[in-house]
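Since the structure comes first, as structure tokens, the remarks are kept for the end.
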Amino acid sequence: MISSLGSILTLQRLQIAATFFCICVILGLFTSSFFRILPSIGMAGLLATGIVSYGLHRKVYSRMHGSIYSAFSLVYIIHLVSGFLISAVNWGEYKRDIVLQLPFLILPLAFWLLPALPGAHLRKLWFCLIGAATTAALLSTVNYVLHFEQINELYLHSKVMPTEPDHIRFSLIITLAIAAGGALLMHQSITGIGKKLVVGAVLFLALYQHMLAVRSGLLTFYFLGGVTCLWLVMRRQQYYRALQLAAGLLLLPVLSYVCFPTFRNKSVNTREDVGRVEHTASANNYSLVGRVYSYKVALKVIKDNPWFGVGKADIESEMAIHYRQDYPTIQPEAYIQPHNQYLYSTVAFGGVGLLLFIIGFYYPGLSIWPRHAPLLLAQYIITTLSFLVEYTLETQIGLAFALFFLLLALEGCKSPASPEKEWRPA
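Sequential numbering of the sequence shown, starting at 4, is according to this note's numbering.
In structure tokens:
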């Protein structure tokens, strides 16, 4: 029975199925407003494919050490255990969080069980990301042109143009798509018309990132650009190419300031935001000021609960108490949770929980060092920088984006069943 099933569900067919479900996850990042379940379908499909692959063919392929993948599950365990701390009134919020964090169990297990996907499949998946990001950016650009004046005005009021997904997550996806395109080009993984399309997509996305003018996206873009310059100089000794890239990074902000009203207006709004930090009431209307005061309130909560935190489900109510006590001029509708993943985790789980989170999240990347894995490094840099200004892992799209692409890059580090001449994107 099993042997006959194995002859139907061959390893090659299961690899194709896994690739299809990966595409579902990638495309699902861009369909959250009208097909929200698509990433979940992809994740469930990956797990089912992994289980079937392991059950039928585990003797004919090797897997990476389980600790690399199981480390991610530590993040889920932290959320699970925090249920002992929360108040009964927030039990429903706790259950929603446990469901939200399920990818930390499902995806690592799925990728560990799966056989190594062929390099050609991996390249297609990264092409899918680049293509989807470019398409979404083009649609956003068309909408901007159609509503030019209205959208430019939004940027003077701490708002940005509509995107799918939300502008913060979208800006991070754009940076990763640029990094993926750059890595594929540097490793000469594409030729002919495909190479020209990727070059065009990378250049367009770099310009679009500045037209979108989201601080998180620009921060990750320029940081990765700087890292790439250092890599070209120190590891490749390609000084001229590094000089070209550095010149481009210096020219882009100037060009964007001249050409994109959104970029100019965002600069004006940011300077105004910074100038109002000392005025507490400005937190009601200015996003940057609101974030500063959310950090201050979070530190007060941490001071009262330093070791094990208050539990994620109780963050909102605990912070509201300190908002009312210490900053009464801030209106309740302006209360926000700390836009910093490390600070957020410390409020929720305490110093102990933060330490466990850091170990669980970063161990997989450290475990493969010093193997050459530029896409894995890029995604770790993007997510880490986003953690400084967002609680990235506390939304469905943010979590799926951060975790899935880390695991996809790790997939490139697996040893394939048969030797491959071309670079496996990792």
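A virtual CB, placed ideally from N, CA and C, is assigned to each residue, including glycine.
Check                                                                                                                                                                            : Outcome
Go to R39, then tell me how far its alpha helix (DSSP H) extends in each direction, as first and last residue.                                                                   : Run containing R39: none; DSSP gives neither H nor E here.
Around the Cβ of G69, are there at least 16 other Cβ atoms within 10 angstroms (buried) or fewer (exposed)?                                                                      : exposed
Is the beta carbon of L291 less than 8 angstroms from the beta carbon of T273?                                                                                                   : yes
Would you tell me roughly how many angstroms separate the C-alpha atoms of P331 and L159, rounded to the nearest one?                                                            : 26 angstroms
Would you say V392 touches the ligand NAP, meaning its beta carbon is less than 7 angstroms from a heavy atom?                                                                   : Absent from the structure shown: the ligand NAP. Ligands present: none.
Could you tell me whether the Cβ atoms of L120 and Q18 are closer together than 8 angstroms?                                                                                     : yes
E393 to H124, Cα distance in whole Å?                                                                                                                                            : 32 angstroms
Excluding sequence positions up to five away, which residues of its chain have a Cβ less than 8 angstroms from the Cβ of T265?                                                   : Y147, I154, N155, Y158, V163, M164, M214, L215, A216
Whole angstroms are fine: how far does the CA of Y338 sit from the CA of L50?                                                                                                    : 38 angstroms
In whole angstroms, what separates the C-alpha of L32 from that of L41?                                                                                                          : 8 angstroms
Going by the beta-carbon positions, is the gap between F404 and G353 smaller than 8 angstroms?                                                                                   : no
Here's a check: name, in chain order, each residue in its chain whose Cβ is nearer than 6 angstroms to the Cβ of Y298, leaving out the five neighbours to either side.           : P341
Thinking just about the alpha-carbon of each residue, which of P111, Y326, G197, I54 is nearest to the one in Y366?                                                              : P111
For E319, count the other beta carbons within 10 Å of its own beta carbon; 16 or more makes it buried, fewer makes it exposed. Which is it?                                      : exposed
Excluding the 5 residues preceding and the 5 following G356 in the sequence, name in chain order all residues of the same chain whose CB lies nearer than 8 angstroms to its CB. : I81, S85, F311, G312, S348, T349
Under 8 angstroms Cβ to Cβ from K127, same chain only, skipping five residues before and after it: list those, please.                                                           : T22
From L379, F360, A180, G251, pick the residue whose C-alpha is nearest to that of T138; which is it?                                                                             : A180
By alpha-carbon positions, which one of G134, Q212, L8 ends up nearest to H170?                                                                                                  : Q212
Please confirm whether K131 and I29 have their CB atoms less than 8 angstroms apart.                                                                                             : The identity of residue 131 in the sequence shown is Cys, whereas the question assumes Lys. Yes; because the gap between Cβ atoms is below 8 angstroms, this pair is in contact.
Can you tell which of S7, G251, R238 has its C-alpha closest to the C-alpha of L206?                                                                                             : G251
Touch check for the stretch 54-66 and the stretch 90-104: three-plus C-beta pairs under 8 angstroms?                                                                             : no
Taking Cβ positions, are F107 and L406 nearer each other than 8 angstroms?                                                                                                       : yes
Grab the span of the alpha helix (DSSP H) containing P106 for me, first residue to last.                                                                                         : 106-116
Which residues in the same chain as G228 place their Cβ atom closer than 6 angstroms to its Cβ, once the five residues preceding and following it in sequence are excluded?      : L252
With a cut-off of 8 angstroms on the beta carbons, I'd call S421 and D276 a contact; round off their distance for me.                                                            : Not really, about 55 angstroms apart at Cβ, beyond 8 angstroms.
Does the beta-carbon distance from V295 to D329 come in below 8 angstroms?                                                                                                       : no
With DSSP as the reference, label M214 as helix, strand or coil.                                                                                                                 : helix
Taking all protein chains shown into account, decide if W372 is buried (16 or more other Cβ within 10 angstroms of its Cβ) or exposed.                                           : exposed
For the alpha helix (DSSP H) holding S259, just list the boundary residues, first then last.                                                                                     : 242-262
Closest by CA to L88, which one among N268, N308, Q399, Y326?                                                                                                                    : N308
Using the beta-carbon count (16 or more within 10 Å), is Q247 buried or exposed?                                                                                                 : exposed
Please list, in chain order, all residues of the same chain as R66 whose beta carbon is under 7 angstroms from its beta carbon, the five residues on each side excluded.         : W115
Assuming L222 contacts L388 under a Cβ cut-off of 8 angstroms, what Cβ separation, rounded to an integer in Å, is found between them?                                            : 6 angstroms
Considering just the uninterrupted stretch of the alpha helix (DSSP H) at T138, what are its terminal residues?                                                                  : 122-149
Measuring alpha carbon to alpha carbon, tell me which residue in L141, L391, Y72 is nearest N343.                                                                                : L391
Give the C-beta separation of A204 and I133 to the nearest angstrom, bearing in mind that I take them to be a contact with Cβ-Cβ under 8 angstroms.                              : 5 angstroms
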